[in-house]
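Enquirer: Just so we're aligned, residue 0 is where the sequence shown starts under my numbering, counting upward by one. Here you go, one structure.
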Amino acid sequence: MSLAICSLKWEAARTGRQKITYDSDGYHLVRFPYDAAEESYDPWKMHDPARGGTSPSKFPDARSGLIWPSHDGWGTLTALVFWEADGRPTEYRSRFVRDPLSHSTGYDSTATTDIAPTRGGQYRSYTWQMFVHPQTPVGLKISARGAGDVRIAAPLMLAEFKLAIHTDVATP
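Spelled out as structure tokens, the structure:
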């Protein structure tokens, strides 16, 4: 079975803090640089700044948070998010979203996770599997919330977002 892989990494120590801005759904679309960062891997050009607009995207605009699947197939999405110790949030949320900017098929969230904080920094990993298609980008969205569901711009230290597409899905 063949795999097409895109692996993105962003870290505050390398590119500076990511400004957390919440969309109308109450989540922030995590952005990833287009350069060849450590551990980033994109030979299929699934994180292409030319996709999804009339002019090239530039990190950290919203389109820099998209992976455009290169093939139809069974996709395994994984993410890693490190939040700095902040003390204000009472919960941390994440979700994978098909078409988070409504460029093609419309916003469709899946695998929403809600976790209470632990002492110190918040280190989370996430996995989800679903069918993916080249015309429908996917994104990783996050949210830190305080009492009364107030969204908090808690600082991120690191984020990774990966898509592995199984291109040879067998059918009976």
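Every residue, glycine too, gets a C-beta built ideally from N, C-alpha and C.
#1: Since I believe His27 is in contact with Ile141 (beta carbons under 8 Å), could you give me their beta-carbon distance rounded to a whole number of angstroms?
#2: May I ask you to verify whether the region 4-13 touches the region 153-169, counting CB pairs closer than 8 Å and requiring at least 3?
#3: Which two residues bound the contiguous beta strand (DSSP E) that contains Thr14?
#4: What does the alpha-carbon distance come out to for the pair Pro32 and Tyr40?
#5: Out of curiosity, what's the CA-to-CA distance linking Gly52 and Ile114?
#6: Strictly by DSSP, which residues pair up with Ala143?
#7: Starting from Ala110 and walking both ways along the beta strand (DSSP E), at which residues does that stretch end?
#8: Over what stretch of residues does the beta strand (DSSP E) that includes Ile164 continue unbroken?
#9: Check whether the region 71-89 touches the region 116-135, counting contact only when three or more Cβ pairs, one atom from each stretch, lie closer than 8 Å.
Expert: This is what the structure gives:
#1: Taking the sequence shown and counting its residues from 1, the one referred to as residue 141 is at position 142. Taking the sequence shown and counting its residues from 1, the one referred to as residue 27 is at position 28. Right, their Cβ atoms sit about 5 Å apart.
#2: yes
#3: Indexing the sequence shown from 1 puts residue 14 at position 15. Per DSSP, Thr14 belongs to no beta strand (DSSP E); it is in the alpha helix (DSSP H), Ala11 to Thr14.
#4: Mapped onto the sequence shown, residue 32 falls at position 33. Mapped onto the sequence shown, residue 40 falls at position 41. Each residue's alpha carbon lies about 12 Å from the other.
#5: Looking up residue 52 in the sequence shown gives position 53. Looking up residue 114 in the sequence shown gives position 115. Each residue's Cα considered, the two are about 34 Å apart.
#6: Here residue 143 corresponds to residue number 144 of the sequence shown, with the count starting at 1. According to DSSP, which records beta bridges pairwise, Ala143 is partnered with Tyr91.
#7: Locating residue 110 in the sequence shown gives position 111, where the first residue counts as 1. Asp107 to Ile114 is the extent of the beta strand (DSSP E) around Ala110.
#8: Here residue 164 corresponds to residue number 165 of the sequence shown, with the count starting at 1. It spans Leu155 to His165 - the beta strand (DSSP E) in which Ile164 sits, taken as one unbroken run.
#9: yes
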